[in-house]
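Under this note's numbering, the first residue of the sequence shown carries the number 105, and numbering increases by one thereafter.
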Amino acid sequence: MTNTIEARSTTGTPRQDRRGVRGVITRHPLLTFFTLALGLSWLAWVPYILSPHGVGVWDLHFPEVLGTAQFSGVLPGALLGPLGSAFIVTAVADGRTGLRRWVGRLFRWRVAWYWYALALVVVPGLVVVSAIPFAGGDVHAPSALALSALVPGLVIQLFSTGLSEEPGWRDFALPRLQHRFGGLGAAAVLGPIWALWHMPLYLSDWGGWPDAHWSEPVVFALFTITFNVVMVQVFNKTGESLPLAMLLHVGLNNTISSLFPEMYPSMTGGTLMIGLTIMSTVAAVVLLVVTRGRLGYDPARRALPIDAPIPSRATTSLVGSHDGNR
């Protein structure tokens with residue numbers, strides 16, 4: 105049984121020929137990735153958290169870019185963590201073949217139009233609507249300036265948040281987790297780790313420090329876990345399209361940062377997260393029931409090597425078009 109499992113996930117140099125650190129990474133790619141993703145990010149965030157942007161015990165000021173210091177203080181840690189760790193582990197464990205497969209998902213953009221509509225229109229619309237019951241009637245139409253900032257903001261977040269996180273969480277970790285645990289099991293593992301990764305940032309202005317209530321990271325974690333279920337479904341049903349995963353992720357973030365300050369001026373971040381969490385929880389429950397926990401992943405694929413291509417019929421169904429693009 106052990107030999108069979110190892111044969112499924114091996115794509116580069118045979119594992120028995122590897123020793124030392126390379127051998128550990130090759131035998132335990134997921135554990136290595138999660139350890140590096142959390143450890144490298146958290147280590148890189150320590151100066152920002154200790155600076156005046158956080159707990160304020162270190163007189164270190166980060167330069168502001170586009171009105172915020174988070175680009176210089178938070179983004180480097182995100183790039184080192186999920187993105188950097190995925191690259192390192194893939195290069196060591198799977199070699200050039202694995203790197204080509206990993207990078208290849210970044211170019212799977214040829215999917216049916218309605219997936220783009222979901223990521224760029226439907227989900228942002230639901231995000232806006234989710235806050236209405238908690239606004240206390242203080243709701244305003246967004247200005248033309250706020251609306252015009254949507255596209256530039258989306259592009260910026262796509263190449264910052266999206267590119268730093270999704271090649272790690274969805275591109276590297278999710279296929280491996282699904283190959284081992286199936287759709288539901290993968291979501292159950294990845295969601296909490298994705299939430300945990302964010303937690304140190306609640307000691308900085310990213311999380312509203314020092315004014316954030318203790319319950320806010322808890323609500324955020326619940327949102328992340330449930331929204332991850334939606335992310336898993338979309339990733340699988342689009343033929344593992346990383347661009348769609350990135351757009352779904354940053355489309356939500358961009359809607360909040362671009363529209364909410366004007367539309368809901370009196371709403372706190374904690375209240376905002378309550379509405380989002382209710383929305384994502386309902387969506388996650390519906391998807392889990394409708395798909396019976398599969399979340400778009402064919403259980404038969406677990407019997408194949410992890411790098412086996414999706415059969416043509418499955419690809420057509422997943423992508424939602426007839427181009428058969430992989």
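Beta carbons: idealized from backbone N, C-alpha and C, even for Gly.
Keep in mind that this is a model prediction, so the values were computed, not measured.
Quick check on DSSP: helix, strand or coil for residue 372? coil
Distance between residue 234 and residue 225 (C-alpha atoms, nearest Å): 14 Å
Just to check my reading of the structure: residue 459 and residue 136 have Cβ atoms closer than 8 Å, yes? What is that Cβ distance to the nearest angstrom? The requested residue 459 does not occur in the structure, where the chain is confined to residues 105 to 430.
Residue 231 burial status per 10 Å Cβ neighbour count (16 or more: buried): buried
The segment 271 to 288 in contact with the segment 398 to 407 per 3-pair CB rule at 8 Å: yes
What do you get for residue 168, buried or exposed, if any count of 16 or more other CB atoms within 10 angstroms of its CB means buried? exposed
Quick check: the Cα distance between residue 164 and residue 199, rounded to an integer number of angstroms? 40 Å
Could you round the C-beta distance between residue 186 and residue 273 to whole angstroms and report it? I think they count as a contact, below 8 Å. 6 Å
Close beta carbons around residue 138, own chain, < 7 Å, minus the five adjacent residues each side: 297
Cutoff 7 Å; reference residue 250; Cβ partners in own chain excluding five residues on either side: 362, 363 and 366
Inter-residue Cα distance where the pair is residue 112 and residue 344: Note that residue 112 has pLDDT 40, beneath the 50 cutoff, so the model's placement of it is unreliable and the number below is only indicative. So the two alpha carbons sit approximately 19 Å from each other.
Pull up the DSSP beta-bridge partners for residue 169, would you. 172
Best match in 172, 170 and 189 for proximity to residue 144 [C-alpha to C-alpha]: 189
Measuring alpha carbon to alpha carbon, tell me which of 209, 172, 301 and 227 ends up nearest residue 184. 301
Roughly how many angstroms separate the alpha carbons of residue 437 and residue 412, rounded to a whole number? The chain is shown from 105 up to 430; residue 437 falls before or after that span and cannot be answered.
Within 10 angstroms of its Cβ, does residue 396 collect 16 or more other Cβ (buried), or is it exposed? exposed
So does the segment 253 to 272 actually touch the segment 370 to 385, counting three or more Cβ pairs closer than 8 Å? no
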